[in-house]
Amino acid sequence: MQNMRVRTTMAVLASVATIGAASSALAGGPAKLELQPVTEGVWAIVGEKAQRSPDNRANNATFGLVVTDAGSVLIDPGGSWAGAEALHEVIRGVTDQPVVYVIDTGGQDHRWLGNGYWQAQGAQVIASQDAVADHHARGSMQMTALEAFLGDSLAGTEPSYADITFEARYTLDLGGLSFEIVHPGAAHTPGDSFVWLAAKDTVFTGDIVYVERILGVGAQSSITTWPATFEAMAATGALHVVPGHGHATTMAEARVSTYGYLMNLRSQIGALIDAGGTILEAPTVDQSGFAHLEQFDSLAGRNAQTAFEQMEWE
């Protein structure tokens, strides 16, 4: 067993034998982050499922942490310099191993705008080429939006890009673990990737998977390729799934909340288009099977209209 310098008790390690282990709040202040043990040496850091705010520092997402003898790997850097600092505070409560690599799993602000903080600490950042292209394309717009959402909490944040890029697949070997980083196609953003850690039977999905809250289909998303991207991730058969939003879960729950939602939306919008319906009718399609998900009222109608716009030309 790896000699990890991890400040957790054997009782905590015993409690994470399954994904159902209770999560523990570690940073109840402005960071709005919750530490959830997943399996030995692996944690989910769960942010709010609400909008970006000065309190959550644009960390309204789920992040991943893996600790090895050779250093730690952080999956997604936080949505701002202050957001990255908040993640670092949580990480220091787990281990004294430095974060040596950060993996950007996609193009949303919380997937990359904290890069500069971690690079200043000496970490190298890894991202798909498509994600970096998305960062360049949308960075200015994201910064403008964050100025409104975060105010002074955005201080110090500047766009900073990955040190290591790849087209479709990259393998990071560290501390006896192999991280398979795979970009199978567009999902919530054009450059979405998942990270498969076979030795821990864990997959970090980024924005390919949402649980507990409804996913968002934006102009940067692809309702066409997202289902296939999900299936590529699901082919790992991972026991532990750390999603892009929500708590660590199972593949079955990920399939219901994300793939099931996407396929229902495609079916409903496809039927509307076939019947000669218009985009004005899109928000009325039946999504009631997913009304229990957080943010449903805010996003379901918009998702339907965006899906209509994209599927009209398939």
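For the sequence shown, my numbering gives the first residue as 68, with consecutive numbering after it. Don't be surprised by glycine CBs; every beta carbon is placed ideally from N, CA and C.
Give the secondary structure of residue i by DSSP, where H, G and I count as helix, E and B as strand, and everything else as coil.
i, result
"Ile193", "strand"
"Ala111", "strand"
"Met290", "Correcting the residue identity first, residue 290 is Ile in this sequence and not Met. DSSP places Ile290 in coil when its eight states are reduced to three."
"Asp268", "coil"
"Leu221", "helix"
"Gly131", "strand"
"Ser91", "The pLDDT assigned to Ser91 is 40, lower than 50, so where the model puts this residue is not dependable; a value taken from the coordinates is nonetheless given after this. In the structure shown, Ser91 sits in a strand (DSSP, three-state: E or B)."
"Arg280", "strand"
"Leu244", "strand"
With distances taken Cα to Cα, identify the nearest neighbour of residue i among the options.
i, options, result
"Gln287", "Thr172, Thr256, Pro121, Pro350", "Thr256"
"Thr291", "Asn331, Phe216, Ser245", "Asn331"
"Gly183", "Asn370, Tyr168, Trp110, Gln196", "Tyr168"
"Met210", "Ala265, Gln175, Thr269", "Gln175"
"Leu217", "His177, Ala265, Met300, Asp122", "Asp122"
"Ile142", "Ser120, Asp163, Trp185, Lys116", "Trp185"
"His250", "Asp197, Pro144, Phe130, Tyr328", "Asp197"
"Ala367", "Val270, Val352, Trp380", "Val352"
"Val276", "Glu107, Leu102, Phe130", "Phe130"
"Val161", "Gly145, Phe297, Ser139", "Ser139"
"Val105", "Asn126, Glu320, Lys267", "Lys267"
For the beta strand (DSSP E) containing residue i, list its first residue and its last residue.
i, result
"Trp185", "Counting along the chain, Trp185 falls outside any beta strand (DSSP E), though it belongs to the alpha helix (DSSP H) covering 182-187."
"Arg54", "The requested residue 54 is not part of the displayed model; the chain covers only 68 to 381."
"Glu381", "Careful: Glu381 lies outside any beta strand (DSSP E) and carries neither H nor E."
Over the uninterrupted alpha helix (DSSP H) stretch that includes residue i, give me the two end residues.
i, result
"Trp148", "148-159"
"Arg333", "327-341"
"Phe375", "363-378"
Measuring only the C-alpha atoms, how far is residue i from residue j?
i, j, result
"Gly242", "Ala137", "5 Å"
"Leu180", "Trp293", "23 Å"
"Leu244", "Gly344", "52 Å"
"Ala301", "Met318", "7 Å"
"Val295", "Val192", "For the record, residue 295 in the displayed sequence is Ala; it is not Val. One C-alpha to the other measures close to 26 Å."
"Ile336", "Ala204", "29 Å"
"Asn370", "Gly283", "6 Å"
"Glu225", "Ile231", "18 Å"
Would you please state the rounded distance, in angstroms, between the beta carbons of residue i and residue j? I believe it to be under 8 Å.
i, j, result
"Val166", "Ala190", "5 Å"
"Ser147", "Arg178", "The pair is not a contact, with the Cβ atoms about 12 Å apart (cut-off 8 Å)."
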